[in-house]
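Asker: Pasting in a structure now, in structure tokens, and then I'll have a few things to ask.
2 protein chains.
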Amino acid sequence: MSKIIRADKYRWDVPLREYKTEGTGFRDITRQTLMGEGAGEERLNFLTRYFEVQPGGYSSLEHHEHPHSVVIIRGEGEVILDDRIEPIGLHDCIYISSHCLHQFHATGNEPLGFLCVVDRQRDRPQLPTEEEIRQLDANEVLRGRYRV
Amino acid sequence: MSKIIRADKYRWDVPLREYKTEGTGFRDITRQTLMGEGAGEERLNFLTRYFEVQPGGYSSLEHHEHPHSVVIIRGEGEVILDDRIEPIGLHDCIYISSHCLHQFHATGNEPLGFLCVVDRQRDRPQLPTEEEIRQLDANEVLRGRYRV
């Protein structure tokens, strides 16, 4: 059965969840699965989620086999993609390829909100190894910019 | 390789395409595939497309087995979902289930723009049969509202 999930000020009538139920390395971030987890939506092979990062907050620094399709719909920020960090703003799209180490930061005065579509069946995120952290610290661009 | 596809006034640096290369029953609509058709994006099992319908325009009245996940990011309009028609506005999400007959209409003064995510591998859309058109005409809510 088709349905409309109505928006109201960047919130939708679906559960507002903690970003992760375990782990560390993130701050001030919420998640709503807009489509894919509701009743009758089992045919969808992918989930459309909305993440919102409060000013100064950030997502986990992580990588995984499954790619991400991200569209910014609120605010601005920066994204770490392996060895670089890039500014991101309204309606920019970010394709995150397999095992790219990534992290979103909300750098503006309003929250950074983005849609992130993933395969329903996917692998679990992996945190960077000590060796990967050493590589980040050896990178002048990223040193002091990432959060773990 | 991860990448950022930058937005500029509801346009992105990817090809702007005709909505369909064949068929009829649509008006004033463009399509951009934001993620999934670019080089290196083959691992994505789904495509993220942006459709824009100019004021007074509409998409094809059609159905198909594959579901749609839609998020409105510009303007307002109406959507036909089988036997009903509903208003839609900024950030509303529309889950279109298998074989639901659907059509988007831009009813405001600015274009109606929406993201629509679909499986990379999917069936072709089907137009309504004469019998389905008769059913629409028998529905007081939809008579005169749909376009073919």
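Sequence lines, in order, name chains A and B.
Following the working numbering, the numbering of the first sequence begins with 45 at its first residue and continues without gaps.
Following the working numbering, the numbering of the second sequence begins with 45 at its first residue and continues without gaps.
Every residue gets a Cβ at the ideal spot worked out from N, C-alpha and C, and that includes glycine.
From the beta carbon of V115 (chain A), is the nearest beta carbon of chain B less than 8 Å away?
Answerer: As a first step, residue 115 (chain A) must be located in the first sequence, where it is residue number 71. Interface residue, yes.
Asker: Please identify the residue among B:K64, B:N183 and B:S141 whose C-alpha is closest to the C-alpha of H107 (chain B).
Answerer: Here residue 107 (chain B) refers to the residue found at position 63 when the second sequence is read from its first residue. For H107 (chain B), the nearest C-alpha among the options comes from B:S141.
Asker: Do V115 (chain A) and L159 (chain B) count as a contact pair if the criterion is CB distance below 8 Å?
Answerer: By one-based count along the second sequence, residue 159 (chain B) stands at place 115. By one-based count along the first sequence, residue 115 (chain A) stands at place 71. Contact flag set, yes.
Asker: Please report the straight-line C-alpha distance between F95 (chain B) and R55 (chain A), rounded to a whole angstrom.
Answerer: The sequence position of residue 95 (chain B) within the second sequence is 51, counting from 1. The sequence position of residue 55 (chain A) within the first sequence is 11, counting from 1. Between F95 (chain B) and R55 (chain A), the C-alpha separation is close to 23 Å.
Asker: How many angstroms separate the CA atom of T173 (chain B) from the CA atom of R75 (chain B)?
Answerer: Counting from one through the second sequence, the residue named residue 173 (chain B) turns up at place 129. Counting from one through the second sequence, the residue named residue 75 (chain B) turns up at place 31. Those two C-alpha atoms are separated by around 26 Å.
Asker: Please name the residue in B:Y139, B:G121 and B:H135 whose C-alpha comes closest to that of E85 (chain A).
Answerer: Translated into the one-based positions of the first sequence, residue 85 (chain A) becomes position 41. For E85 (chain A), the nearest C-alpha among the options comes from B:Y139.
Asker: Short of 8 Å in beta carbon distance, which residues of its chain neighbour R50 (chain B), apart from the five on each side in sequence? Order them along the chain.
Answerer: If you number the second sequence from 1, residue 50 (chain B) lands on position 6. Result list for R50 (chain B): W56 and D57, in chain order.
Asker: With 16 as the cutoff for other CB atoms within 10 Å, does R118 (chain A) come out buried or exposed?
Answerer: Within the first sequence, the letter at position 74 stands for residue 118 (chain A). That one is buried.
Asker: Using a Cβ-Cβ cut-off of less than 8 Å, list which residues of the stretch 134-147 of chain B approach chain A; keep chain order.
Answerer: Answer set for the stretch 134-147 of chain B: L134, H135, D136, C137, I138, Y139, I140, S141, S142, C144 and H146.
Asker: If we cut at 8 Å on Cβ distances, does P111 (chain B) have a partner in chain A?
Answerer: Position 67 of the second sequence holds residue 111 (chain B). Yes, its Cβ sits closer than 8 Å to a Cβ of chain A.
Asker: Within 10 Å of its beta-carbon, does D264 (chain B) have 16 or more other beta-carbons around it, so buried, or fewer, so exposed?
Answerer: Chain B is shown from 45 up to 192; residue 264 (chain B) falls before or after that span and cannot be answered.
Asker: Assuming I48 (chain B) and E81 (chain A) are in contact, meaning their beta carbons sit under 8 Å apart, how far apart are those beta carbons, in whole angstroms?
Answerer: Indexing the second sequence from 1 puts residue 48 (chain B) at position 4. Indexing the first sequence from 1 puts residue 81 (chain A) at position 37. Rounded, the Cβ-Cβ distance is 28 Å, inconsistent with contact.
Asker: Can you tell me where the alpha helix (DSSP H) holding R75 (chain A) begins and where it ends?
Answerer: Sequence index remark: in the first sequence, residue 75 (chain A) carries index 31 (1-based). R75 (chain A) -> not in any alpha helix (DSSP H); beta strand (DSSP E) instead, spanning R71 to M79.
Asker: Are the C-beta atoms of F95 (chain B) and some chain A residue less than 8 Å apart?
Answerer: For the purposes of this step, residue 95 (chain B) is identified with residue 51 of the second sequence, where counting begins at 1. No, no contact with chain A.
Asker: Pull the bridge partners of T92 (chain B) from the DSSP assignment, please.
Answerer: Within the second sequence, numbered from 1, the residue matching residue 92 (chain B) stands at position 48. The partner list for T92 (chain B) (beta bridge, DSSP) reads B:M79 and B:V161.
Asker: Per DSSP, what are the beta-bridge partners of V115 (chain A) in this structure?
Answerer: Position 71 of the first sequence, counted from the start, is the residue given in the question as residue 115 (chain A). Looking at the DSSP assignment, V115 (chain A) forms a beta bridge with A:C137 and A:L159.
Asker: For R205 (chain B), which three-state DSSP category applies?
Answerer: Beyond the ends of chain B as shown, which are 45 and 192, falls residue 205 (chain B); an answer cannot be given.
Asker: Just reading off the alpha helix (DSSP H) that R178 (chain A) is part of, what are its end residues?
Answerer: Taking the first sequence and counting its residues from 1, one reaches residue 178 (chain A) at position 134. R178 (chain A) -> alpha helix (DSSP H) spans E174 to D181.
Asker: Compute the Euclidean distance between the alpha carbons of H110 (chain A) and V185 (chain A), then round it to the nearest angstrom.
Answerer: For the purposes of this step, residue 110 (chain A) is taken as the residue at position 66 of the first sequence. For the purposes of this step, residue 185 (chain A) is taken as the residue at position 141 of the first sequence. If you take the alpha carbons of H110 (chain A) and V185 (chain A), they lie about 26 Å apart.
Asker: Between K53 (chain B) and D163 (chain A), what straight-line distance do the alpha-carbon atoms span, to the nearest angstrom?
Answerer: What you label residue 53 (chain B) is simply residue 9 of the second sequence in a count that begins at 1. What you label residue 163 (chain A) is simply residue 119 of the first sequence in a count that begins at 1. Computed Cα separation, rounded: 29 Å.
Asker: Indicate whether T151 (chain B) and E122 (chain B) have their beta-carbon atoms separated by less than 8 Å.
Answerer: Here the question's residue 151 (chain B) lines up with position 107 in the second sequence. Here the question's residue 122 (chain B) lines up with position 78 in the second sequence. Cβ atoms of T151 (chain B) and E122 (chain B): closer than 8 Å.
Asker: May I ask you to report which of helix, strand or coil DSSP gives P169 (chain A)?
Answerer: In the first sequence, the residue the question calls residue 169 (chain A) occupies position 125. P169 (chain A): coil per DSSP, three-state reduction.
Asker: Can you tell which of A:D181, A:P169, A:C137 and A:E120 has its C-alpha closest to the C-alpha of P155 (chain A)?
Answerer: The residue you call residue 155 (chain A) lines up with position 111 of the first sequence. Looking at the Cα atoms, A:E120 is the closest of the given residues.
Asker: Under 8 Å, do S104 (chain B) and P59 (chain B) count as touching if we go by C-beta distance?
Answerer: Taking the first residue of the second sequence as position 1, residue 104 (chain B) is located at position 60. Taking the first residue of the second sequence as position 1, residue 59 (chain B) is located at position 15. Not closer than 8 Å, so no.
Asker: Just verifying my parser: in three-state terms, what is the DSSP assignment at Y102 (chain A)?
Answerer: Taking the first residue of the first sequence as 1, we reach residue 102 (chain A) at position 58. Residue state, collapsed to three classes: strand.
Asker: My assumption, with CB atoms under 8 Å, is that L78 (chain A) sits in contact with R93 (chain A). Please give the rounded CB distance.
Answerer: Residue mapping note: residue 78 (chain A) aligns to position 34 of the first sequence, counting from 1. Residue mapping note: residue 93 (chain A) aligns to position 49 of the first sequence, counting from 1. Their Cβ separation, rounded to whole angstroms, is 7 Å, which keeps L78 (chain A) and R93 (chain A) in contact under 8 Å.
Asker: When you compare each of A:Y63, A:F148 and A:I124 to P99 (chain A) by their alpha carbons, which one comes out closest?
Answerer: As a position in the first sequence, residue 99 (chain A) is number 55, starting the count at 1. Per the Cα distances, A:F148.
Asker: Starting from L145 (chain B), trace the beta strand (DSSP E) both ways and give me its first and last residue.
Answerer: Within the second sequence, residue 145 (chain B) is the residue found at index 101, counting from 1. Per DSSP, L145 (chain B) belongs to no beta strand (DSSP E) and is neither H nor E.
Asker: Just how far apart, CA to CA, sit I73 (chain B) and N153 (chain B)?
Answerer: Position 29 of the second sequence, counting from 1, holds the residue named residue 73 (chain B). Position 109 of the second sequence, counting from 1, holds the residue named residue 153 (chain B). Each residue's alpha carbon lies about 15 Å from the other.
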